[in-house]
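Novice:
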Amino acid sequence: MRGATAEGRGKGGGSGEQVAVAAMADKPSRALVLYAAGHAALLAPPAGSAGAGSSLDAFASRASCGFLTLRSPQASPGTTGAEENSSTILELAQLLDVYDHLYPGKNAETGQEVAQVDPQELVVPKLSERFMGLRAAIVTNCPRVSSFASNLGFHVFQTNDFAVQSGSSSVTKEVGVINRAFGLLGFSDGNVQEASEFDLVFVHVAMENTSSKLGKLGMKADLNRLEKLVSAIMEAAPVGSAIASRIHVSVMLSYGSASGNKDEFSLLTSSTETDSDLNLLRPRQSYTMKAGHTLEDVRLHHPILLAQWQEGVTRIDLAKRFSFEEFMKSCNVVQQHGGNLAMLAERFLHEVAFKLWKAPKYGA
1 MRGATAEGRG
11 KGGGSGEQVA
21 VAAMADKPSR
31 ALVLYAAGHA
41 ALLAPPAGSA
51 GAGSSLDAFA
61 SRASCGFLTL
71 RSPQASPGTT
81 GAEENSSTIL
91 ELAQLLDVYD
101 HLYPGKNAET
111 GQEVAQVDPQ
121 ELVVPKLSER
131 FMGLRAAIVT
141 NCPRVSSFAS
151 NLGFHVFQTN
161 DFAVQSGSSS
171 VTKEVGVINR
181 AFGLLGFSDG
191 NVQEASEFDL
201 VFVHVAMENT
211 SSKLGKLGMK
221 ADLNRLEKLV
231 SAIMEAAPVG
241 SAIASRIHVS
251 VMLSYGSASG
261 NKDEFSLLTS
271 STETDSDLNL
281 LRPRQSYTMK
291 AGHTLEDVRL
301 HHPILLAQWQ
311 EGVTRIDLAK
321 RFSFEEFMKS
331 CNVVQQHGGN
341 LAMLAERFLH
351 EVAFKLWKAP
361 KYGA
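As structure tokens, this is what we get:
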């Protein structure tokens, strides 16, 4: 990934760090995306020790880490309530690059605001048409996500059924989900099969307990479930294995509705704004632009946290923890070497498809 992600990072060690050159795989990768909606808010603060030694931290330490910026739609008279403003659908629409179809903005001819399109009635080309025959599956327990993804061309699996069909009753639900996802991608018993049923498996991890009356106990349960999923991925693709060099893993955590303080988790820092007069000569950040046009609705706070890993392909960052603060430190080093702070969420699927040999390099 360009800039802030897989193509734009290196491994360093303080002021004398060197940026390594990322390799291009000699065979198409197969991708697993773990999308944990709203889970970024559950991460322990830097001063805490609750997350020490976690699977998320271990994954971040071997991955290329960065941010995906999101856009916030204007309030529309056609919106009927919370259903249409679901933060998960809003995020998925951007990750899958159909946001502009859902939120057309203004009519090019009349200049009038256009109401949001119902996600279930969205008419766009299927993923296989957009990305050279891409075969994609999504695992979710959310009915609205199921309907939305199916409309875009995903084969939809229900999480509970998916885990049961993993073939083993002796493993946890989380391990069962990951094992079956690996199987669909052509990975089994530590081996890489020549053929696979899917090129991309997208696992949607919804919040199950945090919004309930369980409070902190529920938050811990949600985070523990995510930790088990990440742990299962690392166990299924150990460093040095044949699978590790063929699977491209993306682990992303979002903040959900991000209704909190806009100064929290902000991508704007004093160094990026007032470092020197030379900053006035810099072009606009790429994460505020699309197709050569400046976007006025980009949210510069509460981005999606993204860590990507494929052995021998992605770069290794300085991050030691899966946290906003650690990713910011890593981004600061990248910027010193000409890299970017973040990437627009709408570029995500294009970059993953490139790794699968299903799309040209985005922007090329």
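Here the sequence shown stands for residues 1 to 364, where the numbers follow full-length UniProt numbering.
For each residue, glycine too, the CB sits at the ideal point set by N, CA and C.
1) Going by the DSSP bridge assignment, what does Gln158 pair with across the sheet?
2) For residue 375, which option in Lys361, Ile89, Ala136, Lys329 has the closest C-alpha, if you only look at C-alpha atoms?
3) The alpha helix (DSSP H) spanning Leu217 covers which residue range?
4) Could you tell me which uninterrupted alpha helix (DSSP H) segments, each at least 4 residues in length, are contained entirely in the region 298 to 337, listed from first to last along the chain?
5) Check whether the region 188 to 196 and the region 234 to 243 touch, using three or more Cβ-Cβ pairs below 8 Å as the test.
6) What would DSSP say about Arg71, mapped onto helix, strand or coil?
7) Am I right that His39 and Leu253 are in contact with their C-beta atoms under 8 Å? What's the rounded C-beta distance?
8) Tell me the residue span of the alpha helix (DSSP H) that contains Ile243.
9) Exposed or buried, Gly133, counting other C-beta atoms within 10 Å across all chains shown (16 or more means buried)?
10) Please check the pair Val251 and Ala307, which I expect to be a contact at CB under 8 Å, by giving their CB distance rounded to whole angstroms.
11) Once the 5 residues before and after Ser86 are set aside, which same chain residues still bring their CB inside 7 Å of it?
12) Measure the C-alpha to C-alpha separation of Pro360 and Val123 and round it to an integer number of angstroms.
13) Work out the CA separation of Gly153 and Glu235 for me, nearest whole Å.
14) Taking just the CA atoms, how far does Ala31 sit from Phe354?
15) Within 10 Å of its beta-carbon, does Thr314 have 16 or more other beta-carbons around it, so buried, or fewer, so exposed?
16) Taking 8 Å as the cut-off, decide whether the C-beta atoms of Leu349 and Leu95 are in contact.
17) Counting along the chain, where does the alpha helix (DSSP H) carrying Ala93 start and finish?
18) Counting along the chain, where does the alpha helix (DSSP H) carrying Tyr35 start and finish?
19) With a CB to CB cut of under 6 Å and the five nearest residues on each side skipped, what residues in its chain are close to Phe324?
20) Determine the extent of the alpha helix (DSSP H) in which Val177 is found, giving its start and end residues.
21) Specify the secondary structure class of Lys361 as computed by DSSP and reduced to three states.
22) What distance in whole Å lies between the Cβ atoms of Val205 and Leu229, which are believed to be in contact at a cut-off of 8 Å?
23) Please state whether the Cβ-Cβ distance between Leu184 and Glu197 is less than 8 Å.
24) Could you say which of Val201, Phe187, Asn224 lies nearest to Pro238 if we only look at CA atoms?
25) Have a look at the DSSP bridge pairing and note the partners of His204.
26) With H, G and I counted as helix, E and B as strand and the rest as coil, what does DSSP make of Ser257?
27) Considering only the beta carbon of each residue, do Ser147 and Thr140 sit closer than 8 Å?
28) Taking Glu326 as the reference, give the member of Ser128, Ala63, Lys126, Arg71 with the closest Cα.
29) Using the Cα positions of Leu226 and Gly218, report the straight-line distance between them to the nearest angstrom.
30) I need the boundaries of the alpha helix (DSSP H) containing Leu356, first residue and last residue.
31) Helix, strand or coil for Ser250, going by three-state DSSP, please let me know.
32) Find the nearest neighbour of Met304 within the set Asn179, Leu43, Ser29, Arg135, judged by alpha-carbon distance.
Specialist: Let me spell this out:
1) Position 158 of the sequence shown, counted from the start, is the residue given in the question as residue 158. Paired residue(s): Thr140.
2) Residue 375 cannot be examined here, being either before or after the span of the chain that is shown, 1 to 364.
3) Within the sequence shown, residue 217 is the residue found at index 217, counting from 1. Its alpha helix (DSSP H) spans residues 216 to 236.
4) Runs found: 324 to 336.
5) yes
6) Looking up residue 71 in the sequence shown gives position 71. The answer is strand: DSSP assigns Arg71 an E or B state.
7) Reading the sequence shown from its first residue, position 39 is the one you call residue 39. Reading the sequence shown from its first residue, position 253 is the one you call residue 253. Contact holds; Cβ gap of about 5 Å.
8) The residue given as residue 243 occupies position 243 in the sequence shown. Premise fails: Ile243 is in no alpha helix (DSSP H) and is neither H nor E.
9) The residue given as residue 133 occupies position 133 in the sequence shown. It is exposed - the Cβ of Gly133 has fewer than 16 other Cβ atoms within 10 Å.
10) The residue you call residue 251 lines up with position 251 of the sequence shown. The residue you call residue 307 lines up with position 307 of the sequence shown. Correct: roughly 5 Å between the Cβ atoms.
11) Here residue 86 corresponds to residue number 86 of the sequence shown, with the count starting at 1. Answer for Ser86: Arg144, listed in chain order.
12) The sequence position of residue 360 within the sequence shown is 360, counting from 1. The sequence position of residue 123 within the sequence shown is 123, counting from 1. Near 24 Å, if we compare the C-alpha coordinates of Val123 and Pro360.
13) If you number the sequence shown from 1, residue 235 lands on position 235. If you number the sequence shown from 1, residue 153 lands on position 153. Straight through space, the alpha carbons of Gly153 and Glu235 are spaced by roughly 30 Å.
14) Position 354 of the sequence shown holds residue 354. Position 31 of the sequence shown holds residue 31. Taking the straight line joining both Cα atoms gives about 11 Å.
15) For this step, residue 314 is matched to residue 314 along the sequence shown. Looking at its Cβ environment, which holds 16 or more other Cβ atoms inside 10 Å, Thr314 is buried.
16) Your numbering for residue 349 matches position 349 in the sequence shown. Your numbering for residue 95 matches position 95 in the sequence shown. Yes, these two residues count as a Cβ contact at 8 Å.
17) Translated into positions along the sequence shown, residue 93 becomes position 93. Taken as a continuous stretch (DSSP letters only), the alpha helix (DSSP H) holding Ala93 covers 87 to 95.
18) What you label residue 35 is simply residue 35 of the sequence shown in a count that begins at 1. Here Tyr35 belongs to no alpha helix (DSSP H); instead the beta strand (DSSP E) covers 30 to 36.
19) Locating residue 324 in the sequence shown gives position 324, where the first residue counts as 1. Within the same chain, Cβ atoms closer than 6 Å to the Cβ of Phe324 are found at Phe265, the five residues on either side in sequence being excluded.
20) The residue given as residue 177 occupies position 177 in the sequence shown. Its alpha helix (DSSP H) spans residues 173 to 184.
21) Within the sequence shown, numbered from 1, the residue matching residue 361 stands at position 361. In this structure, Lys361 counts as coil in the three-state DSSP scheme.
22) Here residue 229 corresponds to residue number 229 of the sequence shown, with the count starting at 1. Here residue 205 corresponds to residue number 205 of the sequence shown, with the count starting at 1. Confirmed, about 7 Å.
23) The residue you call residue 184 lines up with position 184 of the sequence shown. The residue you call residue 197 lines up with position 197 of the sequence shown. Yes, the pair counts as a contact, with Cβ atoms nearer than the cut-off.
24) Indexing the sequence shown from 1 puts residue 238 at position 238. Each of Val201, Phe187, Asn224 was checked against the Cα of Pro238, and the nearest Cα belongs to Phe187.
25) Along the sequence shown, one-based indexing puts residue 204 at 204. His204 pairs with Tyr35.
26) Within the sequence shown, residue 257 is the residue found at index 257, counting from 1. Correct three-state label for Ser257: coil.
27) Counting from one through the sequence shown, the residue named residue 147 turns up at place 147. Counting from one through the sequence shown, the residue named residue 140 turns up at place 140. Contact flag unset, no.
28) Within the sequence shown, the letter at position 326 stands for residue 326. Among Ser128, Ala63, Lys126, Arg71, the Cα nearest to that of Glu326 is on Ala63.
29) Locating residue 226 in the sequence shown gives position 226, where the first residue counts as 1. Locating residue 218 in the sequence shown gives position 218, where the first residue counts as 1. Approximately 13 Å, taken between the alpha carbons.
30) Here residue 356 is taken as the residue at index 356 of the sequence shown, counted from 1. Run containing Leu356: none; DSSP gives neither H nor E here.
31) As a first step, residue 250 must be located in the sequence shown, where it is residue number 250. Strand at Ser250.
32) As a position in the sequence shown, residue 304 is number 304, starting the count at 1. The sequence given here places Ile at residue 304; Met does not occur at that position. Per the Cα distances, Leu43.
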